[in-house]
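Engineer: Under our numbering, the sequence shown is numbered contiguously, ending at residue 1628. Structure incoming, see below.
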Amino acid sequence: MRMYSARPGGQRYRPVVDRLAVAVSGTVALVAGGVLALGLGTLGDLHPGRLALAAYAALSGLTGAFSRPVAAPVIGLSAWLCCNAFAEHRHAELGWSGPWPEGGHLALFTAAALLAALPATVPRRTVRVTSVRV
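Following this line, the structure appears as structure tokens:
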């Protein structure tokens, strides 16, 4: 595991930022989803609606920003579990509203996590190699 990296010809060393593993991302999403449910309950907004859906989508995006893109389905499922159990059906009970609404929520959370994780996979800068002819 590398601790520092430098660009060819560069003088400054930068710490390598590793992304969270899939299991760690799912755990962080579950714990943060429970904390978000406590916060929404304190505000009195623990019911099905756009605020809870947007809050869990933002949570998925924030968790996805620190995770690998492969972890997006796990983050989406964790956010869906917390949103469904605490915000929509309360009392930590999972409910099923049908394949289209629940599938839409799951797709929204997964897409938010994936879109936040994708910029980390794009190389920041291309290294140009020039050949010197003698």
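Quick reminder that beta carbons are idealized off the backbone N, C-alpha and C, glycines included.
If you follow the alpha helix (DSSP H) that Phe1446 is in, where does it begin and where does it stop?
Structural biologist: Since the displayed the chain opens at 1495 and closes at 1628, residue 1446 lies outside it and no answer follows.
Engineer: Give the secondary structure of Leu1588 by DSSP, where H, G and I count as helix, E and B as strand, and everything else as coil.
Structural biologist: Coil.
Engineer: Report all residues from its chain with a CB closer than 6 Å to the CB of Leu1609; omit the five preceding and five following residues, and keep chain order.
Structural biologist: Correct list: empty, nothing qualifies.
Engineer: Where do the ends of the alpha helix (DSSP H) carrying Thr1521 lie?
Structural biologist: Segment Val1516 to Leu1537, the alpha helix (DSSP H) holding Thr1521.
Engineer: What does the alpha-carbon distance come out to for the pair Ala1552 and Ser1561?
Structural biologist: Roughly 14 Å between the two C-alpha positions.
Engineer: Check for me: the alpha helix (DSSP H) holding Arg1513 runs from which residue to which?
Structural biologist: Element bounds for Arg1513: n/a, residue is neither H nor E.
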